[in-house]
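Counted the way the numbering used here counts, the sequence shown spans residues 37 to 426.
By construction, the Cβ of each residue, glycine as well, lies at the ideal position given by its N, Cα and C atoms.
Report on the structure given below.
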Amino acid sequence: MSGSCQVEEEERKLEKKLSVKVLFTLVVLGACWSIVYIVPFIQYIWYNPFQDFLGATNVQMGLLLTIYGFGNIFGAPIGGWVADRFNYKYVYVASVFLNGVLSLIFVISPNYVMAVICWIGFAVSSLFMNYPTHIKIVRELATDENQGKVFGINESMIGLFNIIFNAIMMAIYVKFLEGVAGMKAAIIGIGILSFVLTAIVAFVLDNPKKKKVPQAEVSPAEAPKGNLGKDFLVIIKNPATWLVGISIFAVYSFLTTMSYFTPYFTDVLGVTVVFTGWVAILRQHGMTLIGAPVGGWLTDKIKSPSKVLIGVYIVGILGFVYLLNAKTGVNAVVLITLTIVLSGIVYVGRGAYYATITEAGVAREYTASTIGIAAALGFSPDLFQFTQKM
Numbered sequence: 037m038s039g040s041c042q043v044e045e046e047e048r049k050l051e052k053k054l055s056v057k058v059l060f061t062l063v064v065l066g067a068c069w070s071i072v073y074i075v076p077f078i079q080y081i082w083y084n085p086f087q088d089f090l091g092a093t094n095v096q097m098g099l100l101l102t103i104y105g106f107g108n109i110f111g112a113p114i115g116g117w118v119a120d121r122f123n124y125k126y127v128y129v130a131s132v133f134l135n136g137v138l139s140l141i142f143v144i145s146p147n148y149v150m151a152v153i154c155w156i157g158f159a160v161s162s163l164f165m166n167y168p169t170h171i172k173i174v175r176e177l178a179t180d181e182n183q184g185k186v187f188g189i190n191e192s193m194i195g196l197f198n199i200i201f202n203a204i205m206m207a208i209y210v211k212f213l214e215g216v217a218g219m220k221a222a223i224i225g226i227g228i229l230s231f232v233l234t235a236i237v238a239f240v241l242d243n244p245k246k247k248k249v250p251q252a253e254v255s256p257a258e259a260p261k262g263n264l265g266k267d268f269l270v271i272i273k274n275p276a277t278w279l280v281g282i283s284i285f286a287v288y289s290f291l292t293t294m295s296y297f298t299p300y301f302t303d304v305l306g307v308t309v310v311f312t313g314w315v316a317i318l319r320q321h322g323m324t325l326i327g328a329p330v331g332g333w334l335t336d337k338i339k340s341p342s343k344v345l346i347g348v349y350i351v352g353i354l355g356f357v358y359l360l361n362a363k364t365g366v367n368a369v370v371l372i373t374l375t376i377v378l379s380g381i382v383y384v385g386r387g388a389y390y391a392t393i394t395e396a397g398v399a400r401e402y403t404a405s406t407i408g409i410a411a412a413l414g415f416s417p418d419l420f421q422f423t424q425k426m
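This is the structure in structure tokens:
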């Protein structure tokens with residue numbers, strides 16, 4: 037009897053550990069996620085240089101992200117259904133390859149019209165093909181008990197490669213004497229890296245038929261029917277879909293609001309473009325390395341990502357209340373430090389919110405479809421928030 041209990045205990049311990057292969061897969065996935073969003077969201081870090089590169093107004097810059105944001109409304113839900121019903125490995129690999137193609141096409145004729153065309157293409161490659169597929173793949177890598185860990189590590193790897201890739205872009209930008217030539221060379225570098233990652237992820241990812249994570253039994257009523265309309269109806273009626281969507285919306289709104297500080301530091305505080313770029317990289321990506329693992333660890337520790345998110349919302353609200361009521365003449369170092377700390381908090385939320393899929397009881401067969409529909413709500417700030425930049 038005691039021997040049987042020991043065996044069961046060992047099995048439970050093994051389930052809580054992530055294999056080397058899973059960890060390496062998360063590293064590669066983090067690199068792929070990072071690469072497909074760097075150019076579409078380039079103004080997060082490179083707002084002023086990219087604006088000069090395009091010769092665009094602030095309104096046009098905001099409109100570009102609004103156009104891209106429609107991919108969450110129309111692309112992600114259908115892309116999620118495709119990932120649930122077909123070979124998601126092929127979809128994912130193709131998304132990274134297409135990102136490289138679009139990056140190179142854009143630099144051939146870098147004007148605003150070409151940017152609009154390419155940003156629509158980026159919406160297809162990253163929001164339709166990559167995003168819901170990525171979340172499905174990450175969830176499939178681990179048992180329910182390890183969802184906080186895998187999503188926390190996932191966000192950390194994304195942050196790590198965001199730093200690496202943005203640092204590479206910064207080095208190329210400076211090497212080519214900044215300006216138009218520097219920006220063009222930096223984007224070409226991202227295109228080439230996309231092709232390298234295409235080959236790596238094609239080798240690393242398992243075919244869906246080879247997945248080893250034990251799947252819970254699915255009742256006939258929950259089993260996938262393969263009908264787009266019926267599947268969407270099931271998912272839309274599920275309250276869990278809207279719980280996940282609201283969780284993403286709150287954290288993403290928090291995150292995108294932080295991006296306003298990039299031009300503020302340059303235009304108002306008089307900080308140099310290069311220094312502002314490094315601060316933005318630290319704020320936007322570096323804090324992921326701290327916040328996301330903490331969010332994942334807390335999620336598994338208290339077994340409730342929703343409770344972690346409530347804490348994030350409270351701290352975020354208090355931080356923004358202070359910023360809105362801060363007196364004029366506040367030291368720039370204080371403001372920069374506060375924005376970095378708040379970024380760490382928001383990434384605690386990023387490390388937790390995808391785990392709400394499991395907490396809410398969403399069947400694995402509907403992971404990508406659910407996250408696709410939830411993304412339509414969760415990332416809707418892209419449709420209006422950036423048009424407020426004047």
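Here's the rule: buried if 16 or more other CB atoms are within 10 angstroms of the residue's CB, otherwise exposed. What is Val232? Result: exposed.
Contact check, Val186 vs Phe89, beta carbons under 8 Å: With respect to the 8 Å criterion, Val186 and Phe89 are not classified as neighbours on the basis of their beta carbons.
Would Asp336 be called buried (16 or more neighbouring beta carbons within 10 Å of its own) or exposed? Classification for Asp336: buried.
Given this structure, state the Cα-to-Cα distance separating Tyr209 from Ser139, to the nearest angstrom. The C-alpha of Tyr209 lies about 15 Å from the C-alpha of Ser139.
Please classify Val249 as buried or exposed, where buried requires at least 16 other C-beta atoms within 10 Å of its C-beta. Only weak support exists for where Val249 lies, its pLDDT of 47 falling under 50; the value from the coordinates is given anyway. Exposed, since its Cβ has fewer than 16 Cβ neighbours within 10 Å.
For Asn166, which option in Thr292, Ile189, Lys125 has the closest C-alpha, if you only look at C-alpha atoms? Checking every option, the nearest Cα to that of Asn166 belongs to Lys125.
Please state whether DSSP places Asp88 in a helix, a strand or coil. Helix at Asp88.
So Ala391 packs on Gly184, CB below 8 Å; how close in whole Å? Contact flag correct, Cβ pair sits at about 5 Å.
Taking just the CA atoms, how far does Val72 sit from Gly380? Looking at the backbone, the Cα of Gly380 and that of Val72 are separated by about 23 Å.
Please work out which residues of its chain come closer than 7 Å, Cβ to Cβ, to Leu196, disregarding the five sequence neighbours upstream and downstream, and give them in chain order. Hits under 7 Å: Gly66, Leu325.
Give me the Cα-Cα distance between Tyr128 and His170, rounded to the nearest whole angstrom. As the crow flies, the alpha-carbon of Tyr128 is around 7 Å from that of His170.
Write down every uninterrupted run of the beta strand (DSSP E) in the stretch 108-195 whose length is 3 residues or greater and which is fully enclosed by it, in chain order. As far as the stretch 108-195 is concerned, it has no whole beta strand (DSSP E) run of at least 3 residues.
Does the stretch 409-417 come close enough to the stretch 350-362 that 3 or more CB-CB pairs lie under 8 Å? These segments do not touch.
Ser295 (DSSP reduced to helix, strand or coil): When secondary structure is reduced to three states using DSSP, Ser295 falls in the coil class, being assigned neither helix nor strand.
Which class does Gly352 belong to by DSSP, given the choice of helix, strand or coil? Three-state result, Gly352: helix.
Rounded separation between Asn198 and Ala316 - CA only: When rounded, the separation of the alpha-carbon atoms in Asn198 and Ala316 is 11 Å.
Can you confirm whether the stretch 265-281 touches the stretch 393-408 when touching is taken to mean that 3 or more C-beta pairs between the two stretches lie within less than 8 Å? As far as the Cβ criterion goes, the stretch 393-408 touches the stretch 265-281, which means the pair count is three or higher.
Look at the alpha carbon of Leu378 and the alpha carbon of Tyr389, and state the distance between them as a whole number of angstroms. Leu378 and Tyr389 have their C-alpha atoms roughly 17 Å apart.
Taking only the alpha-carbon atoms, compute the straight-line gap between Met206 and Leu334 and give it to the nearest angstrom. Between the C-alpha atoms of Met206 and Leu334 there is a straight-line separation of about 34 Å.
Nearest to Leu100 by alpha carbon, out of Pro85, Ile109, Gln79, Asp120? The residue with the shortest Cα to Cα distance from Leu100 is Gln79.
Is Ile272 buried or exposed, if buried means 16 or more other CB atoms sit within 10 Å of its CB? Result: exposed.
Close-in-space but distant-in-sequence residues of the same chain around Phe201 (CB under 6 Å, 5 per side omitted): Sequence-distant partners of Phe201 (beyond 5 residues in either direction) whose C-beta falls short of 6 Å from its own C-beta, in its chain, are Ser70, Ile74.
Can you tell me whether Val75 is helix, strand or coil according to DSSP? Note: Val75 maps to coil in three-state DSSP.
Is Asn243 helix, strand or coil when you go by DSSP? Correct three-state label for Asn243: coil.
Could you check which residue in Val95, Ile114, Asn123, Val56 has the C-alpha nearest to that of Asn243? Ranking the options by Cα distance to Asn243, first place goes to Asn123.
Val398 in three-state terms, based on DSSP: Looking at Val398 - three-state DSSP - the assignment turns out to be coil, as it is neither helix nor strand.
Cα-Cα separation, Leu360 to Ser295: Going from the Cα of Leu360 to the Cα of Ser295 covers about 15 Å.
Can you look up Lys339 in the DSSP assignment and give me helix, strand or coil? Taken through DSSP and simplified to helix, strand or coil, Lys339 comes out as coil.
Proximal residues to Ser416 (C-beta, below 8 Å), its chain only, five neighbours per side dropped: Within the same chain, and ignoring the five residues on either side of Ser416 in sequence, the residues whose Cβ sits closer than 8 Å to its Cβ are Gly105, Asn108, Ile109, Phe285.
In three-state DSSP terms, what is Ala391? The three-state secondary structure of Ala391, taken from DSSP, is coil.
Does the beta-carbon distance from Val330 to Gly387 come in below 8 Å? For Val330 and Gly387, yes; Cβs fall inside 8 Å.
Let me know if Ala328 comes out buried or exposed under the rule of 16 or more other beta-carbons within 10 Å of its beta-carbon. Ala328 counts as buried, since no fewer than 16 other beta carbons sit within 10 angstroms of its beta carbon.
Do Arg319 and Thr403 come within 8 Å of each other at the CB atom, strictly closer than that value? The answer is no: Cβ separation not under 8 Å.
C-beta contact flag for Val174 and Val64 at 8 Å: Pairing Val174 with Val64 gives a Cβ-Cβ distance that is not under 8 Å.
Could you tell me the alpha carbon to alpha carbon distance between Ile194 and Val384, rounded to whole angstroms? Each residue's Cα considered, the two are about 14 Å apart.
Going by Cα to Cα distance, which pick from Ala92, Asn182, Ala130 is closest to Tyr148? The alpha carbon of Tyr148 has as its nearest neighbour, out of Ala92, Asn182, Ala130, the alpha carbon of Ala92.
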